[in-house]
Amino acid sequence: MRIPTATYRIQFNSAFNFNSAQKIIKYLDDLGISDLYASPIFKARRGSNHGYDIVDPNQLNPELGTPADFAALVAELKQHNMGWLQDIVPNHMAYDSQNQYLMNVLENGSNSVYANYFDISWNSPIVNGFGENQQQLLAPLLGNFYGDSLENGEIHVKYDQNGLSINYYDLSFPLKLESYATFLDQNIAKLSQVLGRNNPIFVRLLGILYIVKHIPADVTPKERQDQIDFVKGLLWELYTDNRDFQGFIDKNINFFNGQPGNPESFNLLDSLLSEQFFRLAFWKVGAEEINYRRFFTINELISVKSEDFQVFEHTHSLITNLVKENQITGLRVDHIDGLYNPTEYLQRLQSKVGDTYIIVEKILQAGEDLPHNWSIQGTTGYDFLNYLNGIFCQHVSAQALTKTYCNVTGFTTPYEQLTVDKKHLILETNLAGDVDNLTYIFKKIASKYRYGNDFTINGLKRAIAQILTLFPIYRTYTHQSHILAADRQYITAVIQQAKSNLPLLHHELTFIEKVLLLEYENSLTPEDQEQWLYFVMRLQQYTGPLMAKGVEDTALYVYNRFISLNEVGGNPAKFGFTITDFHDFNQQRQTRWLNSMNTTSTHDTKRGEDVRARLNVLSEIPGEWQKQVYGFCEINRVHKTSINKTLSIPDTNDEYQLYQMLIGALPFFEREYSNFNQRIQDYVLKAAREAKLYTAWLRPNQTYENALTKFVAEVLKLSPENKFWQKFLPFQQKVAYYGIFNSLSQTLIKITSPGVPDFYQGTELWDLSMVDPDNRRQVDFAIRQDHLKFIQQEIQTDILNLIDKLLATKEDGRIKLFLITQALKARRENIRVFQEGSYIPLETGGKFSDHIIAFARTHGDDQIITIAPRFLTSVIQPGEYPLGLSVWDNTYIQLPPVASLMWQDRITGEKLKADKNIMVGEALQNFPAALLEKCNSDQKTWR
Numbered sequence: 001m002r003i004p005t006a007t008y009r010i011q012f013n014s015a016f017n018f019n020s021a022q023k024i025i026k027y028l029d030d031l032g033i034s035d036l037y038a039s040p041i042f043k044a045r046r047g048s049n050h051g052y053d054i055v056d057p058n059q060l061n062p063e064l065g066t067p068a069d070f071a072a073l074v075a076e077l078k079q080h081n082m083g084w085l086q087d088i089v090p091n092h093m094a095y096d097s098q099n100q101y102l103m104n105v106l107e108n109g110s111n112s113v114y115a116n117y118f119d120i121s122w123n124s125p126i127v128n129g130f131g132e133n134q135q136q137l138l139a140p141l142l143g144n145f146y147g148d149s150l151e152n153g154e155i156h157v158k159y160d161q162n163g164l165s166i167n168y169y170d171l172s173f174p175l176k177l178e179s180y181a182t183f184l185d186q187n188i189a190k191l192s193q194v195l196g197r198n199n200p201i202f203v204r205l206l207g208i209l210y211i212v213k214h215i216p217a218d219v220t221p222k223e224r225q226d227q228i229d230f231v232k233g234l235l236w237e238l239y240t241d242n243r244d245f246q247g248f249i250d251k252n253i254n255f256f257n258g259q260p261g262n263p264e265s266f267n268l269l270d271s272l273l274s275e276q277f278f279r280l281a282f283w284k285v286g287a288e289e290i291n292y293r294r295f296f297t298i299n300e301l302i303s304v305k306s307e308d309f310q311v312f313e314h315t316h317s318l319i320t321n322l323v324k325e326n327q328i329t330g331l332r333v334d335h336i337d338g339l340y341n342p343t344e345y346l347q348r349l350q351s352k353v354g355d356t357y358i359i360v361e362k363i364l365q366a367g368e369d370l371p372h373n374w375s376i377q378g379t380t381g382y383d384f385l386n387y388l389n390g391i392f393c394q395h396v397s398a399q400a401l402t403k404t405y406c407n408v409t410g411f412t413t414p415y416e417q418l419t420v421d422k423k424h425l426i427l428e429t430n431l432a433g434d435v436d437n438l439t440y441i442f443k444k445i446a447s448k449y450r451y452g453n454d455f456t457i458n459g460l461k462r463a464i465a466q467i468l469t470l471f472p473i474y475r476t477y478t479h480q481s482h483i484l485a486a487d488r489q490y491i492t493a494v495i496q497q498a499k500s501n502l503p504l505l506h507h508e509l510t511f512i513e514k515v516l517l518l519e520y521e522n523s524l525t526p527e528d529q530e531q532w533l534y535f536v537m538r539l540q541q542y543t544g545p546l547m548a549k550g551v552e553d554t555a556l557y558v559y560n561r562f563i564s565l566n567e568v569g570g571n572p573a574k575f576g577f578t579i580t581d582f583h584d585f586n587q588q589r590q591t592r593w594l595n596s597m598n599t600t601s602t603h604d605t606k607r608g609e610d611v612r613a614r615l616n617v618l619s620e621i622p623g624e625w626q627k628q629v630y631g632f633c634e635i636n637r638v639h640k641t642s643i644n645k646t647l648s649i650p651d652t653n654d655e656y657q658l659y660q661m662l663i664g665a666l667p668f669f670e671r672e673y674s675n676f677n678q679r680i681q682d683y684v685l686k687a688a689r690e691a692k693l694y695t696a697w698l699r700p701n702q703t704y705e706n707a708l709t710k711f712v713a714e715v716l717k718l719s720p721e722n723k724f725w726q727k728f729l730p731f732q733q734k735v736a737y738y739g740i741f742n743s744l745s746q747t748l749i750k751i752t753s754p755g756v757p758d759f760y761q762g763t764e765l766w767d768l769s770m771v772d773p774d775n776r777r778q779v780d781f782a783i784r785q786d787h788l789k790f791i792q793q794e795i796q797t798d799i800l801n802l803i804d805k806l807l808a809t810k811e812d813g814r815i816k817l818f819l820i821t822q823a824l825k826a827r828r829e830n831i832r833v834f835q836e837g838s839y840i841p842l843e844t845g846g847k848f849s850d851h852i853i854a855f856a857r858t859h860g861d862d863q864i865i866t867i868a869p870r871f872l873t874s875v876i877q878p879g880e881y882p883l884g885l886s887v888w889d890n891t892y893i894q895l896p897p898v899a900s901l902m903w904q905d906r907i908t909g910e911k912l913k914a915d916k917n918i919m920v921g922e923a924l925q926n927f928p929a930a931l932l933e934k935c936n937s938d939q940k941t942w943r
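In full-length UniProt numbering, the protein residues as written are 1 to 943.
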């Protein structure tokens, strides 16, 4: 198995394609990257900027280049001995006309050859409540109510070589074959008069009508498809060969499409649409009536039934071949928790790709572990991100920052209560239809149980909703009769809490617990047991989306006490981690998940890694922050908009978040301020909609949104009269100064901790990005290549002089690039130490002992020590550097047993001697972090 030394995540799109990537491979190799880590490269919806809206997993995305371009990129990687870690998307595809598998389903319904391809409930009692024979797949993709869209002429019939279709802007859905009779019967008498009943053209038309009106009920999907192709071929021949028939079709098209302003003229089209296997609807309908599983709450992404073996085989055909051909050397599985049976999926995947590096996108809560029966290498690293970020948060400041937050905003709701409230909100709005579906499934189970016969739909729905909202983790992994011990504990704890909250539903909750724990009674038939298991596995698929939408995409935009902690998989209620917490976490990873990923920024993080590094400085100076934020609010009160004397926009909670984001994300250089103004306006607008308090995606409030963005524009106005800038900028620059050292420390720790260090595109310089789409902006690789070339040249001549230059110009980010280059070089040259070695926390002592993070990685006689400072606001003044004995005084690090007397810093190249302890001031003589490697006295200095 190829284990990456370091990965670099690329976001492919039409603006950055295979050829673009090929041009930076040498740069990545020189940087120290071993594996390209690619966003989805399979055929996606046209114009996709992320690649997750796949329409065909068995084709490369043509917008990224040709197969030859892909092959050239692979060849370039191999020339540099680099691998390719590929992001795959087994859970969903795009609900789009370009998805030909789905179009076949819309055309044929449950008789489609791809009927089992997508996770559809054809006979949902919600969507098809007026009769099981309707079997319409909901298509909640309209921008307005169905009736308005229809009568405005936005929905219309078209005809071309592919047959008859229903069209709505870019959407084009095929009509079912049976509806051709409805269409062709219209005005057929007039065509008979024009052609004559014995005309060969008319006779052929009658033959077509006979076929579509007499389709056998027991026809196989293959036979039905053959008939469709046959009929479409005959019709197109008639249409292209005979002008009278062409006129007949064209007039019928106009007739069916109606006339805006004349509602009655749309009756035929309305009737035609009612016959289809799909039901066009306003996109908001998807929240309450849904009969297909979506990716989270996104209507445009329909879930795939990867649990079906044939579907799995088909959707993984291309990626399997690429792995077997050694073009792809590792896999990242997107949204593993969305799958019906993740354990079975991973077993199948491993059987297809063999001994291949596999990681999963899995959000772990603190104290939670991956199922130990998963044969994978680990996660994409959000667990690591939150522990690493947490040790730069001064946890003793929790009370002071909480007080400031409450005084400024009036917000006092505990975070734990907030998450429950927001999960309930999502269940009542975005996921209401999904909960209804779960309830109907469980009602069928309860009706066969004598003690459950009296359970009502309403009571069961409340009980299920309570359980979903109380789950503290993303999901459990029950399958067949296997329940993990940890999952059993989560289930029993949740049920106990639910009973406390809903005492009147004690009996319902007791029975639900019995089902969730698969405590089958002897009287249950195999079919009954299967139905119990089906409910459990279905419910497991919704705790994750609810956590994502209720917590990540709602609560984390409301609870703004300290937004550095508001990260994917994080818990803002826990104000940072101790160094002991971090060491314990790393030791567990070293034992169990040594090759899991260490990330600090991804395409899904709420803010860039260096934004968090800056914000953490505020936890060191809570008193100063309080004084400053009071002043900001007072100065900017004049820019607020009052509505009916009851609401001042922005709300103080939104305003409090804004000041934190400004401190964290403001660029170093004034030339970037104008662009930043629009970026921050876009961010606060998205944040307000995600918070769902005064505006939301489902119900935009233009009054609030306009006032909010106006406030931001006024606050950021560059003028001498702007008193806010006069007060804000010196404070922000002070925080940014200390944030630089936090960034360097977290970068070094990421590279040297147990796991595979991952770098999101562009983050080798300062990453001051905000949530997507801001973090998907194009990266200027030319300037990064120039910087790296300069650094490598200067390292060979005078490295200490180079460091002086980089410290003097630290705002341009080259100092971070230099650190990454040096640390990754050391990692590459000592790969066994990092991939196989032990992890030893190192004790610190002296004046600033709590300000140093230190650990050793050892393998045999090889030893490498990481030294990274933190909490520097009480160590140095702005403008000073955390260097030398004059700063660190008697602060020391206790060396591990059997340590060397001679060490060399792989960052600066300097050597130093040490006995049982290393003086921090000597280790940090010329650079504000150190990576010491055990060496012999006769070894040459590294460069």
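Just so you know, even glycine gets a beta-carbon here, dropped at the ideal spot from N, CA and C.
Practice problem: Would you mind listing the beta strand (DSSP E) stretches within the segment 696-765 that are 3+ residues and don't spill past its ends, in chain order? | Solution: The segment 696-765 contains these whole beta strand (DSSP E) runs: 756-760.
Practice problem: Taking 8 Å as the threshold, find out whether the segment 556-564 comes into contact with the segment 683-693 through three or more Cβ pairs. | Solution: yes
Quiz item: Applying the criterion that 16 or more other CB atoms from any shown protein chain within 10 Å of the CB defines a buried residue, is Ser500 buried or exposed?
Solution: As a working note, residue 500 is residue 500 in the sequence shown. So Ser500 counts as exposed.
Quiz item: Where does Arg204 fall in DSSP's three states?
Solution: Residue 204 sits at position 204 when you count from the first residue of the sequence shown. Arg204: helix per DSSP, three-state reduction.
Quiz item: So Asn58 is in the beta strand (DSSP E); what residue range does that whole segment cover?
Solution: On the sequence shown, position 58 is the one that residue 58 refers to. Per DSSP, Asn58 belongs to the beta strand (DSSP E) from Ile54 to Leu60.
Quiz item: In whole angstroms, what separates the C-alpha of Asp30 from that of Ile336?
Solution: Here residue 30 refers to the residue found at position 30 of the sequence shown. Here residue 336 refers to the residue found at position 336 of the sequence shown. C-alpha separation (whole angstroms): 33 Å.
Practice problem: Identify the continuous beta strand (DSSP E) that holds Gln227 and give its terminal residues. | Solution: Within the sequence shown, numbered from 1, the residue matching residue 227 stands at position 227. Run containing Gln227: none in the beta strand (DSSP E); it sits in the alpha helix (DSSP H), Pro221 to Asp241.
Quiz prompt | Residue from Gly544, Gln628, Arg612 and Thr439 whose Cα sits closest to the Cα of Ile534 | solution = On the sequence shown, position 534 is the one that residue 534 refers to. Before going on, a small fix: residue 534 reads as Tyr here, not Ile. Residue Thr439 is the option with its Cα nearest to Tyr534.
Practice problem: Taking Phe535 as part of the beta strand (DSSP E), name the residues at either end of that continuous run. | Solution: Indexing the sequence shown from 1 puts residue 535 at position 535. Segment Pro526 to Met547 is the alpha helix (DSSP H) holding Phe535; no beta strand (DSSP E) there.
Quiz item: Is Phe724 closer than 8 Å to Phe632 when the C-beta atoms are compared?
Solution: Reading the sequence shown from its first residue, position 632 is the one you call residue 632. Reading the sequence shown from its first residue, position 724 is the one you call residue 724. In contact: Phe632 and Phe724 (Cβ atoms closer than 8 Å).
Quiz item: What number of angstroms, rounded off, separates the C-alpha of Ala44 from the C-alpha of Thr456?
Solution: As a working mapping, residue 44 is identified with position 44 in the sequence shown. As a working mapping, residue 456 is identified with position 456 in the sequence shown. C-alpha separation (whole angstroms): 44 Å.
Quiz item: In its own chain, which residues sit with a C-beta less than 8 Å from the C-beta of Gln746, not counting the 5 before and 5 after it?
Solution: Here residue 746 refers to the residue found at position 746 of the sequence shown. Leu388, Asn389, Phe392, Thr600, Glu609, Ala613 and Ala868, listed in sequence order.
Quiz item: Among Val194, Met93 and Ser271, which one has its Cα closest to the Cα of Asn242?
Solution: In the sequence shown, counting from the first residue as 1, residue 242 sits at position 242. Comparing Cα-Cα distances from Asn242 to each of Val194, Met93 and Ser271, the minimum goes to Val194.
Self-check item: 8 Å contact criterion, which Pro4 and Asp35 should meet: CB distance rounded
Solution: Along the sequence shown, one-based indexing puts residue 4 at 4. Along the sequence shown, one-based indexing puts residue 35 at 35. Indeed, because the Cβ distance is near 4 Å, the residues count as touching under 8 Å.
Quiz item: Three or more C-beta pairs closer than 8 Å, one from the segment 222-237 and one from the segment 282-301: is that the case here?
Solution: no
Quiz item: Can you give the Cα-Cα distance for Glu132 and Trp122, rounded to whole angstroms?
Solution: Working through the sequence shown from its first residue, we reach residue 132 at position 132. Working through the sequence shown from its first residue, we reach residue 122 at position 122. Because the pLDDT of Glu132 is 46, which lies under 50, any placement of that residue in the model is unreliable, and the number read from its coordinates should be weighed accordingly. One C-alpha to the other measures close to 8 Å.
Practice problem: Assign Phe130 to buried or exposed, taking buried as 16 or more other Cβ atoms, counted over all protein chains shown, within 10 Å of its Cβ. | Solution: Taking the sequence shown and counting its residues from 1, one reaches residue 130 at position 130. Legend: pLDDT at Phe130 = 42, less than 50; position of this residue unreliable, no value from coordinates given.
Quiz item: Going by the CB atoms, is the gap between Glu307 and Tyr95 shorter than 8 Å?
Solution: By one-based count along the sequence shown, residue 95 stands at place 95. By one-based count along the sequence shown, residue 307 stands at place 307. Not in contact: Tyr95 and Glu307 (Cβ atoms no closer than 8 Å).
Self-check item: Simplified DSSP state of Asp436, which is helix, strand or coil
Solution: Position 436 of the sequence shown, counted from the first residue, corresponds to residue 436. Reduced to three states, the DSSP call for Asp436 is helix.
Practice problem: Look at residue 947 and Gln732 and say whether their C-beta atoms are less than 8 Å apart. | Solution: Only positions 1 to 943 of the chain appear in the structure, and residue 947 is not among them; the question remains open.
Quiz item: What's the C-alpha gap between Glu513 and Glu416?
Solution: Residue mapping note: residue 513 aligns to position 513 of the sequence shown, counting from 1. Residue mapping note: residue 416 aligns to position 416 of the sequence shown, counting from 1. Each residue's alpha carbon lies about 23 Å from the other.
Practice problem: Taking 8 Å as the cut-off, decide whether the C-beta atoms of Gln377 and Tyr357 are in contact. | Solution: Your numbering for residue 377 matches position 377 in the sequence shown. Your numbering for residue 357 matches position 357 in the sequence shown. The answer is yes: Cβ separation under 8 Å.
Exercise. Please state whether DSSP places Asp119 in a helix, a strand or coil.
Key: As a working note, residue 119 is residue 119 in the sequence shown. Looking at Asp119 - three-state DSSP - the assignment turns out to be coil, as it is neither helix nor strand.
Quiz prompt | Cα-Cα separation between residue 947 and Gly367, rounded to whole angstroms | solution = Since the first and last residues shown for the chain are 1 and 943, residue 947 lies out of range.
Practice problem: Pick out whichever of Gln785, Ile783, Ser753 and Leu666 has its Cα sitting closest to the Cα of Gly739. | Solution: By one-based count along the sequence shown, residue 739 stands at place 739. Nearest of Gln785, Ile783, Ser753 and Leu666 to Gly739, Cα basis: Leu666.
Self-check item: Any non-hydrogen atom of the ligand FAD within 7 Å of Pro878 CB
Solution: Only the bare structure without any ligand can be found here, which leaves the ligand FAD out of the picture.
Self-check item: Backbone secondary structure at Lys934 - three-state DSSP
Solution: The residue labelled residue 934 in the question sits at position 934 within the sequence shown. In the three-state reduction of the DSSP assignment, Lys934 falls in the strand class, which pools E and B.
Quiz prompt | Residue of Leu518, Pro342 and Lys352 minimising C-alpha distance to Glu361 | solution = Indexing the sequence shown from 1 puts residue 361 at position 361. Ranking the options by Cα distance to Glu361, first place goes to Pro342.
Quiz prompt | Rounded separation between Pro200 and Leu235 - CA only | solution = Stepping through the sequence shown from its first residue, residue 200 is reached at position 200. Stepping through the sequence shown from its first residue, residue 235 is reached at position 235. When rounded, the distance between both Cα atoms is 13 Å.
Practice problem: Look at Glu764 and Lys816 and say whether their C-beta atoms are less than 8 Å apart. | Solution: Within the sequence shown, numbered from 1, the residue matching residue 764 stands at position 764. Within the sequence shown, numbered from 1, the residue matching residue 816 stands at position 816. The answer is yes: Cβ separation under 8 Å.
Practice problem: Starting from Leu142, follow the beta strand (DSSP E) in both directions and report where the run begins and ends. | Solution: Sequence index remark: in the sequence shown, residue 142 carries index 142 (1-based). From DSSP, the beta strand (DSSP E) with Leu142 extends over Leu137 to Leu142.
Quiz item: Under 8 Å, do Phe278 and Ala139 count as touching if we go by C-beta distance?
Solution: Numbered from its first residue, the sequence shown carries residue 278 at position 278. Numbered from its first residue, the sequence shown carries residue 139 at position 139. Yes. Within cutoff.
Quiz item: Which value, in whole angstroms, describes the spacing of the CA atoms of Val887 and Ile876?
Solution: Along the sequence shown, one-based indexing puts residue 887 at 887. Along the sequence shown, one-based indexing puts residue 876 at 876. Answer to the nearest angstrom: the Cα atoms are 7 Å apart.
Quiz prompt | Residue from Ile893, Asp334 and Glu714 with nearest C-alpha to Asn91 | solution = By one-based count along the sequence shown, residue 91 stands at place 91. Nearest C-alpha to Asn91: Asp334.
Quiz item: What residues in its chain sit with their C-beta under 8 Å from that of Asn19, if we drop five residues either side in the sequence?
Solution: The count along the sequence shown starts at 1 and reaches residue 19 at position 19. Excluding positions up to five away in sequence, the list reads Gly65, Asp69, Ala72 and Leu73.
Quiz item: When the distance is taken between beta carbons, is Ile852 closer than 8 Å to Val920?
Solution: Here residue 920 corresponds to residue number 920 of the sequence shown, with the count starting at 1. Here residue 852 corresponds to residue number 852 of the sequence shown, with the count starting at 1. Their beta carbons are under 8 Å apart, which means Val920 touches Ile852 by this criterion.
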